[in-house]
Structure formats: structure tokens, C-alpha cells
Amino acid sequence: MGMDFSTLRTLISRYCVGEENWVDSRTIYIGHKEPPSGTEAFIQQRYPDNRIVSSKYTFWNFIPKNMFEQFRRIANFYFLIIFLIQLIIDTPTSPITSGLPLFFVITVTAIKQGYEDWLRHKADNSVNQCPVHVVQHGKVVRKQSRKLRVGDVVSVKEDETFPCDLILLSTSREDGTCFVTTASLDGESSHKTYYAVQDTRAYNTEKEVDSIHATIECEQPQPDLYKFVGRINIYMDNEPVARPLGSENLLLRGATLKNTEYIYAVAIYTGMETKMALNYQSKSQKRSAVEKSMNAYLVVYLCILIGKSIINTIMKYVWQADANRDEPWYNHRTVSERERHILIRAFTDFLAFMVLFNYIIPVSMYVTVEMQKFLGSYFIMWDDEMFDEELGERAVVNTSDLNEELGQVEYVFTDKTGTLTENNMEFIECCVDGHVYVPNIICNGQVMTGAGMDMIDTSPGPGAREHEELFFRALCLCHTVQVKEEETVDGIKQGIHQGKSTSFYISSSPDEVALVEGMKRLGFTFLRLKDSHMEILNREDEIERFELLEVLTFDSVRRRMSVIVRSSTGELYLFCKGADSSIFPRVISGKVEQVKARVEHNAVEGLRTLCVAYRPLSPEQYQEVCDLLNGAKLALQDRDRRLAEAYDLIEKDLILLGATAVEDRLQDKAADTIESLHKAGMKVWVLTGDKMETAAATCYASKLFRRNTQILELTTKRTEEQSLHDVLFDLSRTVLRQHGGMTRDTFSSLSGDCTDYGLIIDGATLSAVMRPAQEDSNSGNYKEIFLEICRNCSAVLCCRMAPLQKAQIVKLIKASKEHPITLAIGDGANDVSMILEAHVGIGIMGKEGRQAVRNSDYAIPKFKHLKKILLVHGHYYYIRISELVQYFFYKNVCFIFPQFLYQFFCGFSQQPLYDTAYLTLYNISFTSLPILLYSLIEQHINMDILKKDPSLYRDIAKNSLLRWRNFIYWTVLGVYDAVVMFFGAYFLFDNTTFTSNGQLMTTNTQMMFGNWTFGTLVFTVLVFTVTFKLALDTHYWTWINHFVIWGSLIFFVIFSLLWGGIIWPFLNYQRMYYVFMQMLSSGPAWLSIILLITASLVPDVVKKVIWRALWPTTTERIQRVRDEREFERALAYHSSDSLLDDVAVTET
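Given below as C-alpha cells:
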């Protein structure tokens, strides 16, 4: 019974497509051919067709499904219940009063969602109906994409997109390779190489491909774009030959074929089972702090609503205890009413009061908040200051629900490479056996001719010369770089320079391109990879050929990659390059100390370092390696683990050759951005996979650490000397001795007076800190001690971090007792986990693909744009939505509390104070547009000041504008205004006399007396008061503010005149006829309205004046200075005008 619904749904769907016996792998028959008899049973499995469905609804299920989704929202469901109560029982207000606003909200949302889904249907149809070419019976047949089936052999031509996930069988290139771009999948525009199956790459025509007799066994579909496990069984003379299949053989739907004339491939995953479709799954919903506050306020107001209803129900029965009041002469009960049980009558009355007061919870607030977030997000996308000309990219908003959260960030977690730095690598130097080589000119991405080299070393001997050339060869061979002999730019072929062919290197890793280009500057040029042979041009202009036998690919766990090659003389080598921490432990000889010293020196300078080693292999050792790798590659279960174990056994007993140093420059204004974030009260953590010294140098350069920052180390090196327990307690004593046990937040205003601490921790130590406590140990509070240390540090650097550890750090801080708002920013696939974990995730449009951008809430071109998106946009969004939420509750308290007071004067008879039209249109028309506009364009302070003075961000920190103190103030203000409006109007009606024609008139105002006149007077004061209140709160006035604020008041007056001035034929009763005009015809009524509006607004104005004078915030101080300057400027201008007038008079 513990199975969740998603699992049950998956099982049902699999059962429905015929996979009753669910297994972890699938068998695909190429060309739908049965295997030879006696090999295995032919079981034709059923798979989904190639139809892509990104839409949520169909024509038939749109209304029920959309209604279900909308009424899952608490507010919508609540108003539906109120509407049903109004339909079922006799309530004081018409069902239209709650039904119409609800209908409006539901309809607008349904139209928006329906239109969006219609666009998805259109996009799906255009994809599903595009033509594909399938090989059938030796001929190419054209089909619609949606009719493609698993097992079909597909022909794809250059620049076409793959229609589903395919296994590459053969290509137009002799070596069986093809080039592919995966920009639509992960944003990487570089050309990637994929390989055809070894035994089928010679089949190059339709008939030959159609004659292939083979089956493919592979894993069931899963969303990881970079992982695939399978094997192909090719039947030759009825004997199967098994070959491994990996991600290098898998062409993904959405990728595009490049620089290859055509390919043949077999479909293995189709439709919604393709990896691209499986990655459509939406991220978990993030909720902002404002939304949580809003929900808490709703609960409070719901309790107020229930409390009001209970009080009125009790008071009604207290009032009716007198028989004359219970059944007055004009309203005797019926027999059925007398027979009803008192509890049933009381419950019905309670529901009726709930309906009467339900407007205290505004349904339109949700629509206004949604519109504010959706429309407000365009201001980020339209911001020209966040447009990057180099990339041609603007900021992107993927999730508008978190706009205001940008103004609440307390912790920023940032990646280093590609985020703080440019990820634009420049080869600086290499060190071979302690000898340093520095190229004269090297520019990443552009090959420059005629460059010499400087050698800073003593003259190497013959042995060193041999090692030196072996090092250069290793770097020319140990990589995954592709070579393009020419480049097309604007339709013109580039690449022939002075009669020589110029090569362009392409790789998914900028480091590799920099290293290969660095070797070219040093005399060894990687020419090409052709027919599994790598060609190098050495210093003597001789071409050397090496047969590429195996590639042990790079992964973030091993942090190294290797190749096994055979030279033209038959010698076998394993070349390995990787991080120093993964190479040095595997080295058995070489000048380790000299190289290690140079690596540490370069790391301190902020350079990225790699070490290079090799191992000669005998034929017997190579055979063992082949057997080990083939056994792991052919495994369908745990292939990754078995490959990792094999790599571990192969990459050992290495001989160290040397190391390289590559520079990754800081991004423009990265240091200024970090400094601004610090001033704004945010703590910045750098989480990187780089080594400690390199990362620390970058942190100093970016001003994360200052020169006077005292660095605390929590690293493996230190925990080897002391126990982790002792190190943690030492660090804890150090920071708490300075701060006296208080966190750094307490000292935010005195940061100059206390020591600035910076913490450095590495991945291994973090694992020890995060490890669950053992029962017999005292490590249970390591996390708390670690958090206490971090809270007292202005900056933290976490180096040697695995992607999962980045997410763990973010989760740890999120779960701490303060529950701070976190932001994670990164540019690569390894940052996705922390971007998804943080409250706000921001992707950088960098060079490591677009996975971070696709998974983020916001995407920005460069790190420097973080300053504006937080300090300006985040600040504005939070101010605006805070006012919106508080104002909505305030104006509904003003609206409904007079209705509550009115019950004490009408015998608790549930008589409405306001007309039905006013009840319905108050939140929809009369008061909604001004606050929506305010929440979109209000600027309480100039954006230039916000950028220059980041400390203003502290004024709104920790959800300060939506604390309970503010909420109570707005609620009390609403109650006060309601009391003034109600009793002010009531005393105007206090003295009444009969006129000659029998009408009741007020002595004070000469108005016709009646409950609708009374209600209209209160409502008129109400609409003007709440609108003027918003006008007083507005700092940034434009013509559109004036139009909307004064326009909404004019609309109310015109509507009231029309509503009461015309006899409407569709109304059964015309109770508002002539009421509004008769009220406005009284001079004292005008005066009363003005006095009541003034009396309502004065306390709020006085409170603001006193608070600003005695306890101003930083923002208010700057506003006052700005106003004084404007006043002085205006005064000076008028003075100069009067002086000119005097001169003119004198002259005349």
C-alpha cells in the first residue's frame, strides 16, 4: 500500500502498451526482422509511436481537467463553497455577488491556459507531421514523424534533425563517424563526434543496410542525456557477435547532423520515451516567502470571518429572545420554520453570515498577484542594461513566481569557473621535469601564426629532451578535440592563410582547446583523427601517426582522462591527464617534488593546473586491459560501476611527465558585484571543483577575501594533523571569542570593528562533517558547529566539491534555524543540483552548455548582471508586492467591517449594507487597477541610488515589510477607517423628520433617509478613501498613474449615476433608483464625504510623519535628502526667474 500514485500510473501505462512482464532492458529487432531460429524467442514488444505530446489538455478533457486544477487552489475552492451555499440556502446577498467574481477569475485563467495549450498543440502537430525517411525493403520511404516505430531504420541527411533516439549504424564517412550539434538539448554549439557500430559501418546503401540482421539489447528509457548502456548482437552465419553500445553511439532526438552527408540509424526510443521528452518533466514548485506570508494572513482572516459569523449568530438569538423581536407583527414565521430544529436554524444563520462577510477574503487578490508577477517579469527581460552584446542575449525569466524573492536573498552560492571567471582559457605555461616552457603568443579560439616560444629553464639533457617530447605528444593525443580544416563565416570560407591550411579546434571543454593550441605554439601540432589514427606534426615538420586504441573518458569523480595509443613503431602507451589530486597518488616515478612545487606556485597565482603522466604497456598488459574494458562495456547492469573499477585498475603505476597552467580570467565587474552583495548584507559562498590554491587566488582577485581577511582552514591537510572534532572546536573558539557568541549579523553595522573571517573547506572534510552521527561517537553536533562557524564568517570557499555536495551545502543552510533565503548561480551541468535546491536559481549563459539556464528560475548573460537583478529589480518587486498584499487586505477590512457593524443596527437580520452591484464590482473594477499599476511601476527610490548604495537592500531584508507588526497595523488601520466611515455616516442620519409627502428626511443633510442611501454614502467614502490612501503611498508619479487612479474614481461616479439613474428592464427591483443622484444633490452630504475621507486618512499620515522624523530607515533618509534637493533646485529656479523679472523692470 506504500506505492505512490506516480508509480501506479507508470505501471498502468506500461501495462496498457503491452509490457506486462516489466524488465530493466528491452530488445529491439533492427528492421523488424526475426532473429535466426534457435537463437532466442521472437517476442515483438509494443512501444509508443513517435508522437510528441507537450500539451496538457485535449478538446474533450479541457473543461473538467482545467476546472479540477483551478479548484485545487484553496481560495477558488473556498469561493465555490460560498457560491454553492448562496444557491442552496436563503442568504442575504445574491449568488451573483460571489459567483460573478469567481466566474471572471476562473474564465480568465481558463482562457489563458487554454490559449497556451493551443499553442503547444500547434507546435506538437508541426513536429509530429514533419517528414522522415525510413528504409523499407531496400528502398527509402517517406513517412510522417509520428508514424515512426522502434526498430525502423532511418536515413538522415546533413543539417536535418534526428526524429527520435537512434543507434548509429553507418555514415557517409569512411571512418564511420559523424558530427552532431546538441544546441537544442544542452545549448552546446560545438561539434561532437559519434561513432557507428564497428561491424555495420561498411553498410552504406539502402539495400546493404536493409540486409543487416541484428538485435539490440539496451536499458529502458531514462532522462540522463549523457548515459546509455546497451549491446548489439549481429548475426553472421547465424552466430551472434556482441558489441557494446554507449552514449557515443546514441544520437538524440533534437540534435542536428553536421559535416556528414548522410547516416543510417535504427530507432530505439520514440515519442515520449526519448531522452528529450523525458527531460520535459517540470521542476518542483518553489514558493516565495511573500506567498507563505499571504497564506498565513488568509488563515488569520478566515478565523476573523468565522469569529464575526459566530458573534453575529449568537447575538441574533440573544436579540430574538424577546418574543416581540423574534416574530414582529410584520414578519410572522411559517409553520415549517417553526418546526425546524434550533441547531439547524443556527447553522443556517451561521452560513448566511459567512456569505455576508466573505468579501473579507478577496478572490481578485490572487488574479492581481498573478498578473503582477507575469507582467512584472517583462521588466527584467526588457532591461537594456542586462543585455550582453557579445552573446547577443538578454536576461530570461523562467519562473515569474519568485520575482519578489530576489529582494530577500541572504546567501549567494556561486560557481567559480564560467561564473566568476570567463571560462575563456589561455595557455600560460607548462612544466616538464621542472623545466618551464612559456609560449610567446597564444590566443584561445584563434590560431596565430609566426609565434615563437621562450624557454625559462636550464638546457635539458638528452633524457630530458626525450621526456619533453613525450610530454608534448601526450597533450597532443590525450584529449577529445576535433579539428576543422576550414571555417565558414558569413558564407565565406576561412582557413587558408598564406597558402597554408589553418586548423580550428573544437571541443566541449575550453581547457582542452587551450592545451592543444598551446602545444601548437610549442612546436607539436595535432592535425586530425582519421580511421582511428591520430596524426601529429612535430618540430621537424614530420607527421607522426598513432593508432587510437582506447579512450578512458573524463568524469567528475575520477577527475582525469586517459588514452591508449600504439605508435608507428609498435610501442604501446597509456597517456593520462587530470587534476593533481587524482594523478600524484598514482605516480610511482618522475620528478614529483619539482612538478608539485610548480603546480602549487601556479595555483597560488590563480591558474588552472593539470598534471600529465604516462605508462608504457606490454602487449600482454594491453590484452589484459582490453579484456577488462570489454567485460565492463558489455555489461547491461552496473556498467558505470564496472567501468570505474576497470579504469581504476588500468590508470596506475604512472610515470609523471609534467604539468600545465591555463588562465581563466575574472569576468568583467565580478569583484564589484561581490563587493556590492557584501554591502547589501548577503553572504557569498564560492562552491567549486577546483583545487584550493587556485580557488583562493580567484577569491582574493574577486574581493571575496580581502587582504585583511583572516583565513580559517577546514581541510583534509589540517584534519590529518588534528582530529576533525578538535579542528572544528578550535575554529569555533576563534570566531566566537571575537564576536562574544553572537553571530555576525548582529555586527552588520559595525563590520569594520570586528575581524573579517573567511573559511576554506574542501569536499572530503565536508563529507566528514555531513556524515550522520554514530551512536558511540560525539559527532552528532558537527553540523551545528560548522554552521555556527560559517555564520560568523563573511565569506566561505568550498573547493574540490562534487555536484551533489554543492546541493548538500545549499540544503544545509536552508534548513538552519534562521531559514535564510538562498540563491545559487552557476553556468554548467554540475551546478544544476544546487540551482534546483536553492530558493532562487540563476543560470549564466556561459560556455558549458545551457543545462544550468534550462533548469534555472532566471538566466542572465554575465555574473555582473546579478547586481542589478537583486539590488534593483528584486528590491522593487518586493516593495511593490508587499504593498499589494497589505493593501488588498486593508481595503477589504474597510469594505466588510461596516457590514459587521451594521448588523447591530438591523436586528442581526443579515441585511446587506451595500447594493449587489457594489458588492460585486468593488474588488473587480473600482479598486483593482490602481493597485495593479502601483505594483508594476512604483519606484520609491531612484534605481541609480539603489545601485550606488547597496546597503538599502538591508531595509527590506528578512521579509521586513510583511511581518506581523505591519500586518496588524494595516488591519487596525482598516478597522479604524471602517469605524469612521460607518459612524460618521450614521450620525448624519441621526435626526430625521417626515416631509409633507410622507418621506423620511435627515435634518442635517436634507437627504432622503433609507438603508440604501446610508449604504451608498458609506460606500462612496470607502472607495475614495482607499484610493486616496494608495495615492498617498505612491512616490513615482507618471501620466498613467494619474489616468488610472483618478479614472477609477470617475468610473465609479459615472457607474453609480447610470446604475441609479436608469430603470433597467432586466432587474426585478430597482432599489438604487435615484439614490446616488439624490445623495449628491445635498450640499452637506458633499461636506460630510470630504470630512470623513480626511478623518480616515489623517492618522496614517501623522504616523508616517512621526516615524520618519524619529526612526527613519536608510531609504527614508535618502528620500528626504532627495526631496530637499528638489525643493532647493525649484527655489533657486524661481529666485532666478524673479531676479530676471526685476532686471527687465529696471531696464524698462
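Sequential numbering from 10 applies to the sequence shown in our numbering.
All C-beta atoms in this analysis are idealised placements derived from N, C-alpha and C, irrespective of residue type, glycine included.
Which ranges would you report for the beta strand (DSSP E) in the segment 768–817 if only whole runs of at least 3 residues count?
Taking only runs of at least 3 residues, the beta strand (DSSP E) segments lying wholly in the segment 768–817 are 804–808.
Note the first and the last residue of the continuous alpha helix (DSSP H) segment covering Ala926.
Locating residue 926 in the sequence shown gives position 917, where the first residue counts as 1. Counting along the chain, the alpha helix (DSSP H) containing Ala926 begins and ends at 925–930.
Going by DSSP in three states, Thr426 sits in which element: helix, strand or coil?
Within the sequence shown, residue 426 is the residue found at index 417, counting from 1. Reduced to three states, the DSSP call for Thr426 is coil.
With DSSP run on the structure shown, which of helix, strand or coil describes Cys635?
Along the sequence shown, one-based indexing puts residue 635 at 626. Three-state result, Cys635: helix.
Once you ignore the five residues that flank Glu394 on each side, which residues in its own chain have a CB closer than 7 Å to its CB?
Position 385 of the sequence shown, counted from the start, is the residue given in the question as residue 394. Cβ within range, chain order: Lys877.
Report the start-end ranges of each beta strand (DSSP E) in the segment 657–693 that is 3 residues or longer and not cut off at the edges.
Within the segment 657–693, the complete beta strand (DSSP E) runs of at least 3 residues are 663–675.
Nearest to His146 by CA position, among Asn134, Asp161, Leu652, is which residue?
As a first step, residue 146 is located in the sequence shown; it is residue number 137 there, counting from the start. Residue Asp161 is the option with its Cα nearest to His146.
Among the candidates Cys187, Glu282, Asp33, whose CA atom is the shortest distance from the CA of Val62?
Residue numbering aside, residue 62 sits at position 53 when the sequence shown is read from its first letter. Measuring from the Cα of Val62, the nearest candidate turns out to be Glu282.
In the DSSP assignment, find the unbroken alpha helix (DSSP H) run with His1051 in it and report its ends.
To locate residue 1051, count along the sequence shown from 1; it is residue 1042. Taken as a continuous stretch (DSSP letters only), the alpha helix (DSSP H) holding His1051 covers 1048–1070.
Let me know the secondary structure DSSP gives Phe913 once reduced to three states.
Position 904 of the sequence shown, counted from the first residue, corresponds to residue 913. If DSSP states are grouped into helix, strand and coil, Phe913 belongs with the helices.
In terms of alpha-carbon separation, which member of Ser297, Leu260, Glu270 lies closest to Lys284?
Translated into the one-based positions of the sequence shown, residue 284 becomes position 275. The shortest Cα separation from Lys284 among Ser297, Leu260, Glu270 belongs to Leu260.
Could you tell me which of Glu438, Gly587, Thr578 sits nearest to Met570, measuring between CA atoms?
Indexing the sequence shown from 1 puts residue 570 at position 561. The shortest Cα separation from Met570 among Glu438, Gly587, Thr578 belongs to Gly587.
Quick check: the Cα distance between Leu561 and Leu645, rounded to an integer number of angstroms?
Position 552 of the sequence shown, counted from the first residue, corresponds to residue 561. Position 636 of the sequence shown, counted from the first residue, corresponds to residue 645. Going from the Cα of Leu561 to the Cα of Leu645 covers about 18 Å.
Under 6 Å Cβ to Cβ from Leu733, same chain only, skipping five residues before and after it: list those, please.
For the purposes of this step, residue 733 is taken as the residue at position 724 of the sequence shown. Answer for Leu733: Ala777, listed in chain order.
For Ile1102, which residues in the same chain have their Cβ closer than 8 Å to its Cβ, ignoring the five residues on either side in sequence?
Counting from one through the sequence shown, the residue named residue 1102 turns up at place 1093. Excluding residues within five positions, the ones whose Cβ falls inside 8 Å are Val1030, Phe1033, Thr1034, Phe1037.
Looking only at its own chain, which residues have a Cβ that is under 8 Å from the Cβ of Cys708, when we skip the five neighbours before and after it?
The count along the sequence shown starts at 1 and reaches residue 708 at position 699. Correct list, in chain order: Val695, Phe714, Gly767, Ala804, Leu806.
Note down, in chain order, each residue of its chain lying with its Cβ closer than 8 Å to the Cβ of Asp785, except the 5 sequence neighbours on either side.
Taking the first residue of the sequence shown as 1, we reach residue 785 at position 776. In this prediction, Asp785 has a pLDDT of 44, which is less than 50 and means its spatial position is unreliable; what the coordinates show is noted afterwards. Correct list: empty, nothing qualifies.
Can you tell me whether Gln646 is helix, strand or coil according to DSSP?
Translated into the one-based positions of the sequence shown, residue 646 becomes position 637. Note: Gln646 maps to coil in three-state DSSP.
Flag this pair as yes or no: are the beta carbons of Met434 and Asp771 separated by less than 8 Å?
Here the question's residue 434 lines up with position 425 in the sequence shown. Here the question's residue 771 lines up with position 762 in the sequence shown. Their beta carbons are not under 8 Å apart, which means Met434 does not touch Asp771 by this criterion.
Report the option in Asp564, Asp589, Ser577 whose CA atom is closest to the CA atom of Arg650.
Counted from its first residue, the sequence shown places residue 650 at position 641. For the residues Asp564, Asp589, Ser577, the minimum Cα distance to Arg650 belongs to Asp564.
Quick one: residues in its chain with C-beta nearer than 8 Å to the C-beta of Ala680, no 5 flanking neighbours on either side, listed in chain order?
Here residue 680 refers to the residue found at position 671 of the sequence shown. Contacts found: Ala710, Ser711, Lys712.
On the DSSP letters alone, give me the boundaries of the alpha helix (DSSP H) that Phe188 sits inside.
As a position in the sequence shown, residue 188 is number 179, starting the count at 1. Taken as a continuous stretch (DSSP letters only), Phe188 belongs to no alpha helix (DSSP H), being part of the beta strand (DSSP E) at 186–191.
Excluding the five sequence neighbours on either side, which residues of its own chain have a C-beta within less than 7 Å of the C-beta of Phe935, listed in chain order?
Within the sequence shown, the letter at position 926 stands for residue 935. Correct list, in chain order: Val1032, Ser1057, Phe1061.
Mind checking which residues open and close the alpha helix (DSSP H) that includes Phe362?
Position 353 of the sequence shown holds residue 362. Where Phe362 is concerned, the enclosing alpha helix (DSSP H) stretches over 351–366.
Would Lys815 pass as a contact of Met779 if the rule is Cβ separation under 8 Å?
For the purposes of this step, residue 815 is taken as the residue at position 806 of the sequence shown. For the purposes of this step, residue 779 is taken as the residue at position 770 of the sequence shown. Cβ atoms of Lys815 and Met779: not closer than 8 Å.
What separation, rounded to the nearest whole angstrom, lies between the Cα atoms of Leu524 and Gly667?
Counting from 1 along the sequence shown, the entry for residue 524 is found at position 515. Counting from 1 along the sequence shown, the entry for residue 667 is found at position 658. Distance between the alpha carbons of Leu524 and Gly667 is about 13 Å.
Is it the case that the Cβ atoms of Val736 and Arg727 are separated by a distance below 8 Å?
Within the sequence shown, numbered from 1, the residue matching residue 736 stands at position 727. Within the sequence shown, numbered from 1, the residue matching residue 727 stands at position 718. Yes.
Go to Cys312, then tell me how far its alpha helix (DSSP H) extends in each direction, as first and last residue.
Looking up residue 312 in the sequence shown gives position 303. Where Cys312 is concerned, the enclosing alpha helix (DSSP H) stretches over 298–328.
With C-beta atoms as the reference, is Ile164 less than 8 Å away from Asn213?
Stepping through the sequence shown from its first residue, residue 164 is reached at position 155. Stepping through the sequence shown from its first residue, residue 213 is reached at position 204. The sequence given here has Ser at residue 164, not Ile. Contact: no.
Could you spell out where the beta strand (DSSP E) holding Arg569 opens and where it closes?
Taking the sequence shown and counting its residues from 1, the one referred to as residue 569 is at position 560. Looking at the DSSP string, the run of the beta strand (DSSP E) that includes Arg569 is 569–576.
On the premise that Ala483 lies in contact with Tyr271, defined as a C-beta separation below 8 Å, what is that separation, rounded to the nearest angstrom?
What you label residue 271 is simply residue 262 of the sequence shown in a count that begins at 1. What you label residue 483 is simply residue 474 of the sequence shown in a count that begins at 1. Actually they are not in contact, since the Cβ atoms of Tyr271 and Ala483 sit about 36 Å apart, beyond 8 Å.
Considering only residues of the same chain and omitting the five flanking positions on each side of Ile552, which have a CB-CB separation below 8 Å?
Counted from its first residue, the sequence shown places residue 552 at position 543. Leu536, Glu544, Ile545, Leu546, listed in sequence order.
Going by the CB atoms, is the gap between Trp979 and Phe898 shorter than 8 Å?
On the sequence shown, position 889 is the one that residue 898 refers to. On the sequence shown, position 970 is the one that residue 979 refers to. Cβ distance < 8 Å, so Phe898 and Trp979 count as in contact.
Once you ignore the five residues that flank Arg210 on each side, which residues in its own chain have a CB closer than 6 Å to its CB?
As a position in the sequence shown, residue 210 is number 201, starting the count at 1. Cβ within range, chain order: Ser179, Gly185.
For Gln79, name the three-state secondary structure that DSSP assigns.
Within the sequence shown, the letter at position 70 stands for residue 79. Of the three classes helix, strand and coil, the one that applies to Gln79 here is helix, per DSSP.
Under the assumption that Phe436 contacts Glu526 (Cβ atoms under 8 Å), give the Cβ distance between them as a whole number of angstroms.
Walking along the sequence shown from the start, residue 436 turns up at place 427. Walking along the sequence shown from the start, residue 526 turns up at place 517. Indeed they touch by this definition, with Cβ atoms about 6 Å apart.
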